[in-house]
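Colleague:
2 protein chains.
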Amino acid sequence: MNRIGACGVAVVGCGTVGGATALLLSRDRDLIAEKTGVSLSLKYIVDRDFARARSLKLDPALFETNYDKALADPEIDVVIELVGGTTIAREIIERALKGGKHVVTANKALLAHHGPELMKIAHDNGVSLSFEASCAGGIPVVRALYDGLVANRIDAMYGIVNGTCNYILTEMIQKGQGYAEALAGAQRSGLAEADPRLDVSGLDSAHKLTILASLGFGRRVELEKIPVEGIDTLELIDVKFGQELGYIVKLLAIAQRLDGGLSLRVRPSFISREHPLAWVSGPFNAVSIYGHAVGHTMYYGRGAGGSPTASAILSDLLSIAQGTAPLLFRSLPIWPDRAPEAAQLPSERIASRYYLRVMVEDQPGVFAQLATILGNHSISISSVLQKELGANAAEGVPVVITTHTAIEGNLLSALREIDSLDAVKRKSVCIGIIDEHEETIAL
Amino acid sequence: MNRIGACGVAVVGCGTVGGATALLLSRDRDLIAEKTGVSLSLKYIVDRDFARARSLKLDPALFETNYDKALADPEIDVVIELVGGTTIAREIIERALKGGKHVVTANKALLAHHGPELMKIAHDNGVSLSFEASCAGGIPVVRALYDGLVANRIDAMYGIVNGTCNYILTEMIQKGQGYAEALAGAQRSGLAEADPRLDVSGLDSAHKLTILASLGFGRRVELEKIPVEGIDTLELIDVKFGQELGYIVKLLAIAQRLDGGLSLRVRPSFISREHPLAWVSGPFNAVSIYGHAVGHTMYYGRGAGGSPTASAILSDLLSIAQGTAPLLFRSLPIWPDRAPEAAQLPSERIASRYYLRVMVEDQPGVFAQLATILGNHSISISSVLQKELGANAAEGVPVVITTHTAIEGNLLSALREIDSLDAVKRKSVCIGIIDEHEETIAL
Numbered sequence: 001m002n003r004i005g006a007c008g009v010a011v012v013g014c015g016t017v018g019g020a021t022a023l024l025l026s027r028d029r030d031l032i033a034e035k036t037g038v039s040l041s042l043k044y045i046v047d048r049d050f051a052r053a054r055s056l057k058l059d060p061a062l063f064e065t066n067y068d069k070a071l072a073d074p075e076i077d078v079v080i081e082l083v084g085g086t087t088i089a090r091e092i093i094e095r096a097l098k099g100g101k102h103v104v105t106a107n108k109a110l111l112a113h114h115g116p117e118l119m120k121i122a123h124d125n126g127v128s129l130s131f132e133a134s135c136a137g138g139i140p141v142v143r144a145l146y147d148g149l150v151a152n153r154i155d156a157m158y159g160i161v162n163g164t165c166n167y168i169l170t171e172m173i174q175k176g177q178g179y180a181e182a183l184a185g186a187q188r189s190g191l192a193e194a195d196p197r198l199d200v201s202g203l204d205s206a207h208k209l210t211i212l213a214s215l216g217f218g219r220r221v222e223l224e225k226i227p228v229e230g231i232d233t234l235e236l237i238d239v240k241f242g243q244e245l246g247y248i249v250k251l252l253a254i255a256q257r258l259d260g261g262l263s264l265r266v267r268p269s270f271i272s273r274e275h276p277l278a279w280v281s282g283p284f285n286a287v288s289i290y291g292h293a294v295g296h297t298m299y300y301g302r303g304a305g306g307s308p309t310a311s312a313i314l315s316d317l318l319s320i321a322q323g324t325a326p327l328l329f330r331s332l333p334i335w336p337d338r339a340p341e342a343a344q345l346p347s348e349r350i351a352s353r354y355y356l357r358v359m360v361e362d363q364p365g366v367f368a369q370l371a372t373i374l375g376n377h378s379i380s381i382s383s384v385l386q387k388e389l390g391a392n393a394a395e396g397v398p399v400v401i402t403t404h405t406a407i408e409g410n411l412l413s414a415l416r417e418i419d420s421l422d423a424v425k426r427k428s429v430c431i432g433i434i435d436e437h438e439e440t441i442a443l
Numbered sequence: 001m002n003r004i005g006a007c008g009v010a011v012v013g014c015g016t017v018g019g020a021t022a023l024l025l026s027r028d029r030d031l032i033a034e035k036t037g038v039s040l041s042l043k044y045i046v047d048r049d050f051a052r053a054r055s056l057k058l059d060p061a062l063f064e065t066n067y068d069k070a071l072a073d074p075e076i077d078v079v080i081e082l083v084g085g086t087t088i089a090r091e092i093i094e095r096a097l098k099g100g101k102h103v104v105t106a107n108k109a110l111l112a113h114h115g116p117e118l119m120k121i122a123h124d125n126g127v128s129l130s131f132e133a134s135c136a137g138g139i140p141v142v143r144a145l146y147d148g149l150v151a152n153r154i155d156a157m158y159g160i161v162n163g164t165c166n167y168i169l170t171e172m173i174q175k176g177q178g179y180a181e182a183l184a185g186a187q188r189s190g191l192a193e194a195d196p197r198l199d200v201s202g203l204d205s206a207h208k209l210t211i212l213a214s215l216g217f218g219r220r221v222e223l224e225k226i227p228v229e230g231i232d233t234l235e236l237i238d239v240k241f242g243q244e245l246g247y248i249v250k251l252l253a254i255a256q257r258l259d260g261g262l263s264l265r266v267r268p269s270f271i272s273r274e275h276p277l278a279w280v281s282g283p284f285n286a287v288s289i290y291g292h293a294v295g296h297t298m299y300y301g302r303g304a305g306g307s308p309t310a311s312a313i314l315s316d317l318l319s320i321a322q323g324t325a326p327l328l329f330r331s332l333p334i335w336p337d338r339a340p341e342a343a344q345l346p347s348e349r350i351a352s353r354y355y356l357r358v359m360v361e362d363q364p365g366v367f368a369q370l371a372t373i374l375g376n377h378s379i380s381i382s383s384v385l386q387k388e389l390g391a392n393a394a395e396g397v398p399v400v401i402t403t404h405t406a407i408e409g410n411l412l413s414a415l416r417e418i419d420s421l422d423a424v425k426r427k428s429v430c431i432g433i434i435d436e437h438e439e440t441i442a443l
């Protein structure tokens, strides 16, 4: 900071989030100064196109098409990177850090791919790289991990961290819409992109899981080793069968500390209607974090949108201006660049309960075959749901089975065997059932 | 701190929370050092009785009956006050602060009564007074207000901040138990004190509301001006009628920014089954916070118990050792001793929807009388529920009315008139219905 309490800021990228950030920086200066004693001074709004900036009536004197100028300006203390992607954004962040400027970013893809290298550059240059807005938008969950829950060994995290997917699933659950119909509705409401693949494939959730797990477990996490399944292949029939069994389907980013390593995965999962995450509906996000001392905590709010995300960006900016972010960034050894590598377990090693839907020819003896195969693989059946569904006999009739806790590798072997039976008409569906994580607190 | 990264600590008061804090400080030294680089050194466990300390196998070499010794020891950087109450605790904190020691406390009663004076003493002596554990136990909600949501103007807070009350209400809701039966069960489970008055009267919630509102709104708040109603007069019949109407009853600590001031109150309230607070069950706590930029966020977890509360205490302790707490304590002007006084509005000024239960003689024309009185006071009826309940005719039959938004002062006038009718058999019941707070975010 140039003067005590004054902080020169450049916002690079003026889309939804950048526009909201610039607007709050302009409009709420007095509120922020009153609350924190910090005087924030927005000096550049960098973009190629200022349509959004103009529609928000931002000061045209701040518009700048060349980010070099902001990076070279000694009055800029903090660069807020909101370009997105992993190319130009990366260059901007690296150059800002090397130029001795603190950086705030919401860029989960970049951090998931290159977090450790960027953290190292920041450390080497004596500045900080803050990223509260990269996970779950406005919810201060990154801070919970490095500050509020810092005395805890984190045992598990279960996150609903993609609002688009949660909105689509909520529509499927509450209105009985199929995936395609719910997606189209989300696109009409502006809650899904025209090309929704990053969201619905689960990849965006995996980016966030990489960041949260790195922080929570203090280990380097490899995005590429996270098995990812999206909601784009989810069928309404399974959503409904799940409801009948007392479960709500959510796209969960899951991180569990197990014997021998971490299990990280993103996939549609069933959770009990009693679990707080089951009630997170529409575009809202929430992250359940289980600490060894605190037990179960959960953080809920809007995971996207301009103004909620800007709230997180400004909290980072203010922590830099107040001096706490640089202090923690220097002292905390949990940032990825200094952390040992995590042992990421393959999903075959997970023990869980499962929901299976097998489409079979309606003939005698088929269920006995399924039960025998499951038994041979040490999988014990908890419940069976078989309904007379007259229609579509070509697809077979659904046999829904829930299992007791089983090893996923065993289950997948059994399913391969089941799917090769003559009486089985198509690939079976398998969805993990997430039980309430056991709290370890003893006192 | 004496050396960089080393921090001498005295735990004063070794009950449930003090014992858990001392245990985590002893047992988790390496975990904490690995996560934060801070070496915590527990030097004193001060109490008159060490039964609990011994049962936790804490090191008897640390036991000390005289707190003067800890306060006089230059190796003590931080005093953790867990004595409770407003007499000895106050003396210990004041002396520690004046002796240049940072203080961490979980003492909501003391802060609610004397927060501003204590903050001033801390400021005057260049040390910090931290109190994350004073509100909602292990949930990092105090931090959310001064850090994660710092860029927001806080518009409203709705908190379930007393686990004993929430446990009792959950039993009433889920098992249909009456208040006395549910309280007895809570006492048997160790979730309610033998003398439960502080909890069930709502006073403990009011202490926490005083602290949260001071922080959230940056104003001095007077505990004495907060209208407080507990759960001890709540009747099962109203819990059940509420459920029938789609509402769940919760003891809410409510803080709303209104035109002309703040409305702060603690009372049993109905919330829609769709609101996230509705599914906070058993001894768990949660606080919904609405910020002008972030919209609705919620923080959930255990609000009491040794180890969850110790998690919050240690987060404060580590912030002191890392230097961030003193930095923020110096710079943030939102602490009560520097804040202007809040305009606390009387509850007569609130606009809300209400649930009324009037016990009437089952005779023609009574309902018309009620409707006329309500109409005369500008209160419009939203729904009516009248059931044929044969029994107890001496008490009358219940007429349940929900209103559209009305001014509480008008409603209370109407109720006084209603209760003076010959056909009305006893004092009517009135419970506020809390609608989803409107988010102000526009972007």
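Those protein sequences? They're chains U and S, same order as listed.
Numbered according to this note's numbering, the first sequence spans residues 1 to 443.
Numbered according to this note's numbering, the second sequence spans residues 1 to 443.
Glycine included, each C-beta is placed from N, C-alpha and C at the ideal position.
Remember, predicted model here, so these are calculated numbers, not experimental data.
1. Please go through the segment 127-204 of chain U and give each complete alpha helix (DSSP H) segment of 4 or more residues, from N-terminal end onward.
2. Terminal residues of the continuous alpha helix (DSSP H) containing A72/S?
3. Excluding five sequence neighbours on each side, which residues of the same chain lie with their C-beta closer than 6 Å to the C-beta of S383/U?
4. Chain U partners of Y299/S, CB-CB under 8 Å?
5. Looking only at its own chain, which residues have a Cβ that is under 8 Å from the Cβ of I231/S, when we skip the five neighbours before and after it?
6. Quick one: which unbroken beta strand (DSSP E) runs of 3-plus residues sit fully inside the segment 40-128 of chain U? Chain order, please.
7. Quick one: does R29/U have its CB under 8 Å from some CB of chain S?
8. Consult DSSP for A255/U and reduce its assignment to one of helix, strand or coil.
9. Just the Cα atoms here: how many angstroms apart are V83/U and G15/U?
10. Could you give the first and the last residue of the continuous alpha helix (DSSP H) run that contains I381/U?
11. Between L111/S and chain U, is there a C-beta pair that is closer than 8 Å?
12. Per DSSP, which one or two residues make a beta bridge with S288/U?
13. How is L234/S classed by DSSP in three states: helix, strand or coil?
14. Which same chain residues end up closer than 6 Å to V221/S when comparing Cβ atoms and leaving out the 5 residues on each side of it in sequence?
15. Could you give the DSSP three-state label for A6/U: helix, strand or coil?
16. Rounded to the nearest angstrom, what separates F241/U and L262/U at their Cα positions?
17. Is S214/S close to chain U, meaning its C-beta is less than 8 Å from at least one C-beta of that chain?
18. Output yes if chain S places a C-beta closer than 8 Å to the C-beta of Y173/U; else output no.
19. Taking G375/U as the reference, give the member of E132/U, L118/U, I237/U and L415/U with the closest Cα.
20. Please tell me whether G18/U has its Cβ less than 8 Å away from any Cβ of chain S.
21. Closer than 7 Å to a non-hydrogen atom of the ligand HEM - does that hold for the CB of L412/S?
22. So who's on the other strand from M269/U, going by DSSP bridges?
23. On the three-state DSSP scale, how would you describe Q363/U?
24. Could you work out which residues of chain S lie near R153/U, taking near to mean beta carbons separated by less than 9 Å?
25. Can you confirm whether the segment 150-160 of chain S touches the segment 279-296 of chain S when touching is taken to mean that 3 or more C-beta pairs between the two stretches lie within less than 8 Å?
26. Pull the bridge partners of P346/S from the DSSP assignment, please.
27. Which class does L262/U belong to by DSSP, given the choice of helix, strand or coil?
28. If you compare alpha carbons, which of N152/U, M172/U and R265/U is closest to S205/U?
29. Along the segment 224-245 of chain S, where does the CB come closer than 7 Å to a CB of chain U? Name the residues.
30. Would you report the Cα separation of H296/U and V399/U, rounded to the nearest angstrom?
31. Might you give, ordered along the chain, the residues of its own chain that have their beta carbon closer than 7 Å to the beta carbon of E229/S, omitting 5 neighbours on each side?
32. Which chain S residues are close to S382/U, counting only those with a beta carbon under 8 Å from its beta carbon?
33. What first and last residue would you give for the beta strand (DSSP E) that runs through L398/U?
34. Give, in chain order, every residue of the segment 262-277 of chain U whose Cβ lies closer than 7 Å to some Cβ of chain S.
35. Let me make sure I understand the geometry here. Which of G100/U, L56/U and G85/U has the alpha-carbon closest to that of I76/U?
36. Which class does V239/S belong to by DSSP, given the choice of helix, strand or coil?
Modeller: This is what the structure holds:
1. Segments of the alpha helix (DSSP H) lying fully in the segment 127-204 of chain U: 163-175, 179-188 and 197-200.
2. A72/S -> alpha helix (DSSP H) spans Y67 to A72.
3. For S383/U, where only same-chain residues beyond five positions count, the Cβ hits under 6 Å are T402.
4. In chain order: T297, M298, Y299 and Y300.
5. Result list for I231/S: C165, I168, L169, Y179, V200, G202, L251 and P268, in chain order.
6. As far as the segment 40-128 of chain U is concerned, its whole beta strand (DSSP E) runs of at least 3 residues are 78-81 and 102-105.
7. It does not: the Cβ of R29/U has no partner Cβ on chain S nearer than 8 Å.
8. Here A255/U sits in strand by DSSP.
9. So the alpha carbons of these two residues sit roughly 8 Å apart.
10. According to the DSSP assignment, I381/U belongs to no alpha helix (DSSP H) but to the beta strand (DSSP E) extending over I381 to Q386.
11. It does not: the Cβ of L111/S has no partner Cβ on chain U nearer than 8 Å.
12. DSSP output for S288/U lists Y158/U and M298/U as bridge partner(s).
13. Collapsing the DSSP output to three states places L234/S in coil.
14. Excluding residues within five positions, the ones whose Cβ falls inside 6 Å are T210, A213, S214 and A342.
15. Of the three classes helix, strand and coil, the one that applies to A6/U here is strand, per DSSP.
16. Approximately 30 Å between the Cα atoms of the pair.
17. The beta-carbon of S214/S is placed no less than 8 Å from the nearest beta-carbon of chain U.
18. The residue asked about is misnamed: residue 173/U is Ile in this sequence, not Tyr. Not an interface residue.
19. Considering only alpha carbons, the answer is L415/U.
20. No, G18/U lies away from the interface with chain S (no Cβ there is under 8 Å from its Cβ).
21. The model depicted lacks the ligand HEM and carries no ligand whatsoever.
22. The residue you asked about is not Met; residue 269/U is Ser in the sequence shown. Note: S269/U sits in a beta bridge opposite K250/U and G432/U.
23. Coil.
24. Under the 9 Å cutoff, chain S gives D28, L31 and K35.
25. With the cut-off at 8 Å, the segment 279-296 of chain S and the segment 150-160 of chain S touch.
26. Here P346/S is not bridged, per DSSP, to any residue.
27. In the structure shown, L262/U sits in a strand (DSSP, three-state: E or B).
28. Taking the Cα of S205/U as reference, the smallest distance to any Cα among N152/U, M172/U and R265/U is reached at R265/U.
29. Answer set for the segment 224-245 of chain S: empty.
30. Those two C-alpha atoms are separated by around 35 Å.
31. Cβ neighbours of E229/S beyond the five flanking positions: G202, V266, R267 and P268.
32. Those within 8 Å of S382/U in chain S number zero; the least Cβ separation is about 24 Å.
33. Residue 398/U is actually Pro in this sequence, not Leu. Per DSSP, P398/U belongs to the beta strand (DSSP E) from V397 to T403.
34. Taking 7 Å as the Cβ-Cβ cut-off against chain S, the residues of the segment 262-277 of chain U that qualify are P276.
35. Closest option to I76/U, Cα to Cα, is G100/U.
36. In the structure shown, V239/S falls within a helical segment according to DSSP collapsed to helix, strand and coil.
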